Amino acid sequence: MARTVLFHELGGPEVMRLEDRDPGEPGPGEARVRVEAIGVNRAEALFRSGHYIEPVKQLPARLGSEAAGTIEAVGPGVTGFEPGQPVSVVPNFSQNDYGVYAERAIVPATALLHRPEQVDAVSGAAVWMPYLTAYGAMVEIGRMRAGDVAVVNAASSSVGLAAIHTADRLGAVPVAVTRTRAKARQLLDEGAAEVIVSDEEDVTGRVLELTGGQGARYVFDAVAGPGVVDLARAVAADGTLFLWGALSGQPTPYPGFDLGMPALNMRTYTMLEIAKDPVRLRRAAAFVASGLRSGAFRPVVDRVFPLEEIVQAHRHMESGNQFGKIVVTVGH
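Sequential numbering from 1436 applies to the sequence shown in this note's numbering.
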């Protein structure tokens, strides 16, 4: 038996329960992982509360799509992985099908990446979702180049920080947007070229000021909602507004046609565009691994909770006070 986080109804963090469940044996194309650390993501809170892009199909339901651990068993047809190997699990599956909030978890082998022995479990659970997200939008799709200005809101999130690091590595100019001044110094220390405090400043006006009135080539919006109308005015004539999150929880309008605005490229994006494509995932893994080796990339971990405190971990995430990634460790 393995302690497993389940929820029997939709709701807040308190609906999660730690229960003993048989993890089972891996089927074709699957592996069973002895989980050592879990990366906590906003998608899990949205799924648990019934506000995710994919509804919960059946209760009780599992949670979690990012982890690090060791392979215990592999199912038929799995090649390249064997028991005893340290791995990271990357999010490329539905939480209706699999969940890694557990001591042991069955996952599809396509979600596994080899974890170098020098990368500990906490780092292995904290690094992939943020950097795969940043790589996919900035490199694979956006074709970001040296000198490009990239505006990143919700900049103190794990994805926001990975985006700052990725822009720096490409020679681009990351402009971080954060709600309060409390995190401004940390964002500069992480490599932001400029920090805009949205509670105190006009974000669009500051971006136009920083770019000589031209606007940013890229704006990466994790908030969405009504604010997208103003952000659109900060995008350069040849730029793109990427919607890669929906933290506001509000409907997102398409900015209306305005003769005073340049033509707008606006694109939704999710990390699954990379993680579910084997060719793109291979390129992304090589890019991120090289950044980790060089020191250009590093997981920024805000707090570590034990599995027994999964409710507290989600409450901390929903407080919005974290700087970087929240990780849950699993004792054995």
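We treat Cβ as the ideally placed atom computed from N, Cα and C, and that holds for glycine.
Keep in mind it's a predicted model, so treat the numbers as computed, not measured.
Endpoints, beta strand (DSSP E) assigned at residue i
| i | result |
| --- | --- |
| residue 1516 | First-last for residue 1516: undefined, no H or E at that position. |
| residue 1439 | 1437 to 1442 |
| residue 1763 | 1760 to 1764 |
| residue 1474 | 1465 to 1475 |
| residue 1676 | 1670 to 1678 |
| residue 1622 | Not the beta strand (DSSP E): residue 1622 falls in the alpha helix (DSSP H), residues 1619 to 1624. |
| residue 1709 | Careful: residue 1709 lies outside any beta strand (DSSP E), inside the alpha helix (DSSP H) at 1707 to 1710. |
| residue 1700 | 1700 to 1703 |
| residue 1740 | 1736 to 1741 |
| residue 1629 | 1629 to 1632 |
| residue 1587 | 1584 to 1587 |
Contact belief for residue i with residue j at Cβ below 8 Å, rounded distance in angstroms
| i | j | result |
| --- | --- | --- |
| residue 1715 | residue 1575 | 6 Å |
| residue 1638 | residue 1619 | That pair is no contact at about 14 Å. |
Run of the alpha helix (DSSP H) containing residue i, from where it starts to where it stops
| i | result |
| --- | --- |
| residue 1728 | 1713 to 1729 |
| residue 1640 | 1638 to 1645 |
| residue 1541 | Looking at the DSSP string, residue 1541 is not in any alpha helix (DSSP H); the run it does join, the beta strand (DSSP E), is 1539 to 1543. |
| residue 1599 | 1593 to 1605 |
| residue 1557 | 1556 to 1561 |
Residue i vs residue j beta-carbon contact at 9 Å
| i | j | result |
| --- | --- | --- |
| residue 1478 | residue 1530 | yes |
| residue 1604 | residue 1732 | yes |
| residue 1568 | residue 1598 | yes |
| residue 1503 | residue 1521 | yes |
| residue 1544 | residue 1510 | yes |
| residue 1524 | residue 1765 | no |
| residue 1561 | residue 1736 | yes |
| residue 1734 | residue 1592 | no |
Other residues of its chain near residue i: CB distance less than 6 Å, five sequence neighbours each side excluded
| i | result |
| --- | --- |
| residue 1678 | 1656, 1659 and 1703 |
| residue 1601 | 1569 and 1573 |
| residue 1451 | 1440, 1442, 1745 and 1746 |
| residue 1616 | 1632 |
| residue 1494 | 1443 |
| residue 1614 | 1633 and 1634 |
Close-in-space but distant-in-sequence residues of the same chain around residue i (CB under 8 Å, 5 per side omitted)
| i | result |
| --- | --- |
| residue 1712 | none |
| residue 1577 | 1653, 1675 and 1677 |
| residue 1669 | 1586, 1638, 1639, 1642, 1643, 1650, 1651 and 1654 |
| residue 1480 | 1448, 1749, 1752 and 1753 |
| residue 1756 | none |
Below-9 Å beta-carbon distance, residue i vs any chain D residue
| i | result |
| --- | --- |
| residue 1674 | Absent here is chain D; the protein component of the structure consists of one chain. |
Local conformation of residue i per DSSP, three classes
| i | result |
| --- | --- |
| residue 1576 | helix |
| residue 1767 | coil |
| residue 1754 | helix |
| residue 1660 | helix |
| residue 1449 | helix |
| residue 1506 | strand |
| residue 1454 | strand |
| residue 1665 | helix |
| residue 1566 | helix |
| residue 1549 | strand |
| residue 1608 | strand |
| residue 1651 | strand |
Proximity test, residue i beta-carbon vs the ligand SAH heavy atom, cut-off 8 Å
| i | result |
| --- | --- |
| residue 1520 | For the ligand SAH, the structure offers nothing, since it holds no ligand at all. |
Spatial neighbours of residue i in its chain, beta-carbon cut-off 7 Å, leaving aside the 5 residues before and after
| i | result |
| --- | --- |
| residue 1589 | 1595, 1657, 1658, 1680 and 1682 |
| residue 1694 | In this predicted model, residue 1694 has a pLDDT of only 49, less than 50, meaning its place in the structure is not dependable; the value taken from the coordinates is given anyway. None. |
| residue 1456 | 1436, 1437 and 1439 |
| residue 1506 | 1466, 1468, 1516, 1517, 1518, 1519, 1520 and 1522 |
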